[in-house]
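Q:
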Amino acid sequence: METTSPQNSDFRYRRRPWTAVALSLLLPGLGHIYCGDIKSGLPVILIIMMFPLLWMVGTLKEGRIIGPLAFMMWGIVLLATILASIHVWFLARQTRWDYRLKDYNRWDVYLCLIAISVGGTLWYAIYFRDKVMEAFRVPSVSMYPSIDRGDRLIANKLAYQQDPPAIGDIVLFTNPADRHQSYIKRIVALPGDIVELRDGKLWINKQPLQSQSVPVTGVAKGDRTMKGQTFLETNRGKTYPIFLSDMPDADHAAKNFGPVQIPEHHCFVMGDNRFDSRDSRHFGTLPLVCLRGKFAAIYWPAQGWSRFGPLR
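Residues in the sequence shown are numbered consecutively from 96, following the working numbering.
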């Protein structure tokens, strides 16, 4: 009896394990579709795409960034990607040498699924940046010593959905005079407060704020060092550092201001570098509707990792 063996051309459609793994790493579930298992592949793709959406919906509903849930979500996605890649390796090896292509075993179908996934990811990233969290690089020293030039920060844009602005918050806001500019300053007074500066000393409600000198005497600004004194200022239970410059080109006119009473639905913001900051002393009290978020942490310090972490 004559037997025939498969020719090389008969193997041309057999599923290749490494191709399946590569597709699965690119988009979990796509490797299954490549191997002809669309009933497993499509649900995996949908589940992977739903995880970020579910976290975002939960975050918006809670009005705060749900960090542990985010780590758990990405951990599940990573685990699912690894398991799916291992599974399609064996699935591809088990396919027959004379595998017959399905209607969906086409590169245009694969590219379409990838495009849908990438488009969804881009939409999610843009929406996330606009509504939830955004990273910033600080270009000036107006918030020194809390924040230095070049520091990279995370702004939580959900901070004021449930909780009102508070004294000491470092906030992201839109410049009322120029809607295209974003500023970072600290809230020092809220509606009803009376703000005054006397020779560089901040007074709130006709009382001087307590301050304690700390041994930091200069800050780099470009190719030179600004001379001055650092203090820890306490404002109604909130303590934060401030810097008072002694340089001739400092804004010494800003040493005296007010008194001004903060109107309803407004706040008063100042830079921690008191004589090198454009703030409410220049553009007036800030409408609360201009607040876009609260800065929570430095994720990439410009100089040394000792300042990495939550802001004071």
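Heads up, the beta-carbon is just placed ideally off N, CA and C, and yes, glycines get one too.
Mind pulling the alpha helix (DSSP H) runs of 4 or more residues that sit fully within the segment 192-253?
A: Taking only runs of at least 4 residues, the alpha helix (DSSP H) segments lying wholly in the segment 192-253 are 202-226.
Q: Among D346, Q256, L196, V266, which one has its Cα closest to the Cα of G295?
A: Taking the sequence shown and counting its residues from 1, the one referred to as residue 295 is at position 200. Closest option to G295, Cα to Cα, is D346.
Q: Going by DSSP in three states, S372 sits in which element: helix, strand or coil?
A: By 1-based counting over the sequence shown, the position of residue 372 is 277. Note: S372 maps to coil in three-state DSSP.
Q: For W328 and Y335, what's the separation of their Cα atoms in angstroms?
A: For the purposes of this step, residue 328 is taken as the residue at position 233 of the sequence shown. For the purposes of this step, residue 335 is taken as the residue at position 240 of the sequence shown. One detail in the question is off: residue 328 reads as Glu in this sequence, not Trp. For E328 and Y335, the distance between alpha carbons rounds to 6 Å.
Q: Can you find at least 3 beta carbon pairs, one from the segment 271-286 and one from the segment 347-365, that sit closer than 8 Å?
A: Yes: at least three Cβ pairs fall under 8 Å.
Q: Taking the straight line between their C-alpha atoms, what separation do you get for V139 and W202?
A: By 1-based counting over the sequence shown, the position of residue 139 is 44. By 1-based counting over the sequence shown, the position of residue 202 is 107. C-alpha separation (whole angstroms): 19 Å.
Q: Grouping DSSP H, G and I as helix and E and B as strand, with all else coil, what is A397?
A: As a first step, residue 397 must be located in the sequence shown, where it is residue number 302. It is coil, neither helix nor strand.
Q: Given a cut-off of 8 Å on the beta-carbon distance, is the pair R111 and A220 in contact?
A: Your numbering for residue 111 matches position 16 in the sequence shown. Your numbering for residue 220 matches position 125 in the sequence shown. Taking 8 Å as the Cβ cut-off, R111 and A220 do not qualify as a contacting pair.
Q: Once you ignore the five residues that flank V309 on each side, which residues in its own chain have a CB closer than 8 Å to its CB?
A: As a first step, residue 309 is located in the sequence shown; it is residue number 214 there, counting from the start. T325, F326, L327, P336, listed in sequence order.
Q: For L381, which of helix, strand or coil comes out of DSSP?
A: Within the sequence shown, residue 381 is the residue found at index 286, counting from 1. In this structure, L381 counts as strand in the three-state DSSP scheme.
Q: On the criterion of 16 or more Cβ atoms from any shown chain inside 10 Å, does N300 qualify as buried, or is it exposed?
A: Along the sequence shown, one-based indexing puts residue 300 at 205. Label assigned to N300: exposed.
Q: Less than 8 Å between the CB atoms is what I'm expecting for V172 and I143, so what's the real figure, rounded?
A: In the sequence shown, the residue the question calls residue 172 occupies position 77. In the sequence shown, the residue the question calls residue 143 occupies position 48. So it is a contact: roughly 6 Å between Cβ atoms.
Q: Is it the case that the CB of F352 approaches a heavy atom of the ligand ATP more closely than 7 Å?
A: The ligand ATP is absent from the structure shown, which contains no ligand whatsoever.
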